[in-house]
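In order, the protein sequence lines correspond to chains A and B. Numbered by the working numbering, the letters in the first sequence go through residues 1 to 235 in order. Numbered by the working numbering, the letters in the second sequence go through residues 1 to 235 in order. Built from N, CA and C at the ideal position, the CB exists for glycine as well. Right, one structure below, let's go through it.
Number of protein chains: 2
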Amino acid sequence: MATQAQFAEIASLAGDPARAAMLHALMDGRALTASELAGVAGVTPQTASGHLARLSEAGLLAVEKQGRHRYYRLASAMVAQMVESLMQVASALAPTRRVATGPRDAALRTARTCYDHIAGRLGVALADGLVTAGHVDLASDGGLVTDQGLAFFSDLGIDLATETSGRRTTRVLCRPCLDWSERRPHLAGRVGAALCDLSLASGWIRKVDGSRALRVTRKGEAAFRDRFGLALDTE
Amino acid sequence: MATQAQFAEIASLAGDPARAAMLHALMDGRALTASELAGVAGVTPQTASGHLARLSEAGLLAVEKQGRHRYYRLASAMVAQMVESLMQVASALAPTRRVATGPRDAALRTARTCYDHIAGRLGVALADGLVTAGHVDLASDGGLVTDQGLAFFSDLGIDLATETSGRRTTRVLCRPCLDWSERRPHLAGRVGAALCDLSLASGWIRKVDGSRALRVTRKGEAAFRDRFGLALDTE
DNA sequence: TTCACAGTTCGGTGGCGGCCGAAGCATCTT
DNA sequence: AAGATGCTTCGGCCGCCACCGAACTGTGAA
Chain A
1 MATQAQFAEI
11 ASLAGDPARA
21 AMLHALMDGR
31 ALTASELAGV
41 AGVTPQTASG
51 HLARLSEAGL
61 LAVEKQGRHR
71 YYRLASAMVA
81 QMVESLMQVA
91 SALAPTRRVA
101 TGPRDAALRT
111 ARTCYDHIAG
121 RLGVALADGL
131 VTAGHVDLAS
141 DGGLVTDQGL
151 AFFSDLGIDL
161 ATETSGRRTT
171 RVLCRPCLDW
181 SERRPHLAGR
191 VGAALCDLSL
201 ASGWIRKVDG
211 SRALRVTRKG
221 EAAFRDRFGL
231 ALDTE
Chain B
1 MATQAQFAEI
11 ASLAGDPARA
21 AMLHALMDGR
31 ALTASELAGV
41 AGVTPQTASG
51 HLARLSEAGL
61 LAVEKQGRHR
71 YYRLASAMVA
81 QMVESLMQVA
91 SALAPTRRVA
101 TGPRDAALRT
111 ARTCYDHIAG
121 RLGVALADGL
131 VTAGHVDLAS
141 DGGLVTDQGL
151 AFFSDLGIDL
161 ATETSGRRTT
171 RVLCRPCLDW
181 SERRPHLAGR
191 VGAALCDLSL
201 ASGWIRKVDG
211 SRALRVTRKG
221 EAAFRDRFGL
231 ALDTE
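Below you can see the structure in the form of structure tokens.
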């Protein structure tokens, strides 16, 4: 079996602590330079260089040269989902000593990006609000935007053009994503990405420094409360 | 960050060739003995024992003692999905020398189990047939069983009891799963599992020896043709 | 009881791979 | 042109871990 060796190689690549840290850092969808990645991984630039070469060689990362910088990002959403599923298993299982959660970790649990959508307490709360309002149906296998939800998103300026599957136009579907910190589903997929984009563009949330954490702005608090019915304790 | 080290550990566990082979072999959802797993991994029993101990210690595998045998199986569907996503990345990327596909591999491409549902050409064909007939809607983010499809499955004896999300009963959703050999989605999730169970119970398909491959029976050919509109060239 | 077999534990060996220091390119600045 | 910065390649060191032989435990069969 050919794929089996490749499977082991991919998993092995993700299995090194330094490379894992890099993948983790790239999970917000942004592109980072080699030096920055060396920093988050806690290794010297030359070591990081080797790791990054292997990761892009295998196709996990995509590179973009820009002047004397090299920007690395996850090669595809598929890679992001792989990292996501690994993270789920890693956090769900191994209940051994849940280590002291530092302030950085706390910020991540409050709100963070998960590749292209919102996760953490905020992400789960948003999903809950949309379900409660009847805009979205969520089950373990998948999700569905209701007609009412379609109008709701349209009001927000999000046009969820219906995809075509085969020759029939289908309903607007969305993907639930089990949150590794909250253990409950938040909104992923195309709808989740659109919602995240809107929230960033509207200034409801802002990316925090060099981490994946998100900060809810004052304007965002109002928007999430008025439009999504959220009572945020994310302060 | 605490989870990061655990992430690396899980990935690292999956990254060893022998352990990868074991996970791969367990992907059909059955439980195998330690000796059998040693066989598929190509290592001696004592080496396999060590691997199995680590895998179950980490929570990837579940053990069941039965007489002087020890049956190992994947610990949860979450683990199966993790392996699945790793497999997707491993096969999609790394276009380096697609190795000669042996007969065993050919059998797997024709039809196989993917944890609890049907994959391979048969799986994709079934999904296509259901979509064409209007029983199921599939998009990249998720899938949906139509009212018509609900009746169809009911006729087959599959009762897709509606899940409850919050206090509202939702539509029946299903999960599309990108097939690593066909590069197209097949039916996974609760619906896919039910369909696989039915096909096995009805004798339409049979598990082949000790592999994940499936063989379509003569009765199955007729059933898939008459009920799902499939023109099988799976011979 | 004795044997056979499944599975594990232990000890020792070997190799792969991650790590850094030093040096080499490439690019931008002055 | 000279220097600074980002990144890479090279060489050597070191540790971890997969592997097997051998011996031990426990279960089932004769």
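In the DSSP assignment, residue 174 of chain B is bridged to B/143. The Cβ atoms of residue 160 of chain B and residue 172 of chain B sit closer than 7 angstroms to each other. Below the 7 angstroms Cβ cutoff, chain B contributes 10, 78, 79 and 82 as neighbours of residue 89 of chain A, in chain order. Scanning B/217, B/212 and B/134 for the CA closest to the CA of residue 228 of chain B turns up B/134. In summary, the residues of the region 136–152 of chain A whose CB is separated from some CB of chain B by less than 8 angstroms are 137, 138, 139, 140, 141, 142, 143 and 144, in the order they occur in the chain. In the same chain as residue 112 of chain A, and ignoring 5 residues on each side of it, the C-beta atoms closer than 7 angstroms to its own belong to 119, 120, 212, 213 and 214, in chain order. For a Cβ distance threshold of 7 angstroms, residue set 81, 82 and 85 of chain A lies close to residue 85 of chain B, ordered along the chain.
With distances taken between CA atoms, residue 184 of chain B lies nearest to B/138 out of B/202, B/138 and B/150. Shown here, residue 36 of chain B sits in a helix according to DSSP, grouped into three states. Shown in chain order are the members of the region 15–35 of chain A whose Cβ falls below 7 angstroms from a Cβ of chain B: 15, 16, 17, 20, 21 and 24.
For residue 135 of chain A, no alpha helix (DSSP H) run applies, since DSSP gives it neither H nor E.
In this structure residue 142 of chain A is buried. Its beta-carbon is surrounded by 16 or more other beta-carbon atoms within 10 angstroms. Residue 113 of chain B carries a strand assignment under DSSP once its states are collapsed to helix, strand and coil. The beta carbons of residue 78 of chain A and residue 89 of chain B sit closer together than 7 angstroms. Listed in chain order, the non-local C-beta contacts of residue 37 of chain B below 7 angstroms within the same chain comprise 22, 25, 48, 52 and 72, local neighbours out to five positions each way being set aside. Taking the CA atoms as reference points, residue 29 of chain A sits about 29 angstroms from residue 144 of chain B. Put simply, the backbone Cα of residue 4 of chain A is about 20 angstroms away from that of residue 123 of chain B. Burial is judged here by how many other beta carbons sit within 10 angstroms of a residue's own beta carbon; residue 59 of chain B has at least 16 and is buried.
Inclusion of residue 8 of chain A and residue 15 of chain B in the CB contact set at 7 angstroms is warranted, their separation being smaller than that value.
The DSSP-derived three-state label of residue 73 of chain B is strand. Runs of beta strand (DSSP E) with 3 or more residues, each lying fully within the region 194–233 of chain B, are found at 205–207 and 214–216, listed in chain order.
Judged by DSSP in its simplified three-state form, residue 10 of chain A adopts helix.
Counting the other CB atoms within 10 Å of its CB gives residue 209 of chain B a total below 16, which places it among the exposed residues. The Cβ of residue 177 of chain B sits no closer than 7 angstroms to any Cβ of chain A.
With respect to residue 82 of chain A, residue 85 of chain B sits close: the two C-beta atoms are nearer than 7 angstroms. At least 7 angstroms separates the beta-carbon of residue 205 of chain A from that of residue 191 of chain A. With contacts defined by Cβ atoms closer than 7 angstroms, residue 104 of chain B and residue 181 of chain B do not form a contacting pair. The CB of residue 5 of chain A comes closer than 7 angstroms to the CB of 17 in chain B, given here in chain order.
Per DSSP, reduced to three states, the secondary structure at residue 182 of chain B is coil, with no helix or strand assignment.
Boundaries of the beta strand (DSSP E) around residue 61 of chain B: 61–66. Contact check for residue 129 of chain B against residue 230 of chain B passes: the beta carbons are separated by less than 7 angstroms. Secondary structure of residue 160 of chain B (DSSP, three-state): coil. Contact between residue 195 of chain A and residue 69 of chain A does not hold, since their C-beta atoms are separated by about 31 angstroms, which reaches or exceeds 8 angstroms. DSSP places residue 22 of chain A inside the alpha helix (DSSP H), whose first and last residues are 17–25.
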